[in-house]
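Step one of this worksheet: look at the structure below.
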Amino acid sequence: MSDELILLRDANPAPSASDRGLDDRAREDLRTILRPDAPSRGRAHRRWTWSALAAAAAVTAVVLGLHGVTHPTPAFAATPPTLRITPLTGTADVTLARLAERARKQQGLPATGSQVINTQDWSLSTRIDGQQVTSAVIPIETLLRWNADRSGLLQTSTGEPSFPDKDSREAWRRSGQPGREGTVLSRTTFNPGEFNPMWQTAPPTNATALAKYLQTGHPIRDLGTAELFVAVTDLARERQLTQPQKAAVLQVLAAAPDVQVLGSVRDRLNRRGVAIATDSDHSGLMTRYILIFDPSTGTLNGSEQWLTTSAGSLNVRVPAVIAYSLWK
């Protein structure tokens, strides 16, 4: 499920009937994360929903960004700039097949019982229908570490803020610099058996088996390739993939319909990458889902979502980045 699903459906003036069920699911996930009496540790039956976690982080960023900021009011909400893309020749299936072959040939680290994932995430923090919005882009730095015995640690903190203009920066400074870089937002520890990943077993290295595996928690058959992109993103949030597993992911994407090669990019950490994309309006607004892979190793380095045609009732200038994730 898209990290911005709730926000986009609220912004869409006429959501379809099929949207409403997923909207309810997303809202319940978010309520669970934000509930004041929510337990500090996971339970054996609970699975962490990464889209809800990211949404919760975005809500935290809204609170931090709004605190004490009343002037000036920006015409549009602050969003990161879109990436500069240099077009590449070749179809998606051929490009991804080549990446898969490179991934297979790489000598990666062997699979271990411990997973350590560091990500930087940002999600659109606009308030809808005339409410205040943040004037700063404050990314969330997430550390997830979990072991074979299902013990682990999940910590989130604020990253370096950015601003659309000098006035916004000054307003943030006058308000006391809320959400300044390095502010710890949450820290959850898991005793053995408490961390419950969405995927209970290691990813297959066979593309056919992996395609089925990725459907866990992700209605890809109903929502199409955009949901496949979300599933690939969520898997990378949860597990460090081996080179054969990375190759299988690329093969699954190569076989998917409606995938296009955008071109070569420098991601938000200035790393070279190959960007692929798919477009979908299942959220209510036409959204471009983007995955960025290292051209040498096939490693997923970034995932983004952009509004490309209309912002609905969101006060952003199209094209607009509404979410991104970076793996470090």
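Quick note, in the numbering used here, the sequence shown goes up one by one and the last residue is 1024. Quick reminder that beta carbons are idealized off the backbone N, C-alpha and C, glycines included. Note that the coordinates shown come from a computational prediction; the quantities given were computed from them, not determined experimentally.
(message) For residue 838, which residues in the same chain have their Cβ closer than 6 Å to its Cβ, ignoring the five residues on either side in sequence?
(response) 815 and 852
(request) For residue 888, count neighbouring Cβ atoms within 10 angstroms of its own Cβ and tell me buried if that reaches 16, exposed if not. (result) exposed
(request) Could you tell me the distance, in whole angstroms, from the CA atom of residue 973 to the CA atom of residue 988? (result) 9 Å
(message) Could you compute how far the alpha carbon of residue 1026 sits from the alpha carbon of residue 871?
(response) Nothing about residue 1026 can be reported from this structure: the residues present for the chain run from 697 to 1024 only.
(request) Return yes when the Cβ of residue 941 is within less than 9 Å of the Cβ of residue 906, no when it is not. (result) yes
(request) From the DSSP output, in three-state form, read off residue 864 for me. (result) helix
(request) Could you tell me if residue 928 is buried or exposed, where buried requires 16 or more neighbouring beta carbons within 10 angstroms of its beta carbon? (result) buried
(request) On a CA-only basis, which of 902, 849, 793 and 1009 is nearest residue 886? Give me that one, please. (result) 849
(request) Determine the extent of the alpha helix (DSSP H) in which residue 989 is found, giving its start and end residues. (result) Here residue 989 belongs to no alpha helix (DSSP H); instead the beta strand (DSSP E) covers 983–989.
(request) Return the first residue and the last residue of the beta strand (DSSP E) that residue 947 is part of. (result) Careful: residue 947 lies outside any beta strand (DSSP E), inside the alpha helix (DSSP H) at 939–951.
(message) Considering Cα atoms alone, identify which of 935, 959, 894 and 978 is closest to residue 809.
(response) 935
(message) Assuming the contact rule is C-beta atoms closer than 8 Å, residue 962 and residue 998 should be a hit. Round their C-beta distance to whole Å, please.
(response) In fact, because the Cβ distance is near 10 Å, the residues do not count as touching under 8 Å.
(request) Would you decide whether residue 833 is buried or exposed? Buried here means 16 or more other CB atoms lie within 10 Å of its CB. (result) buried
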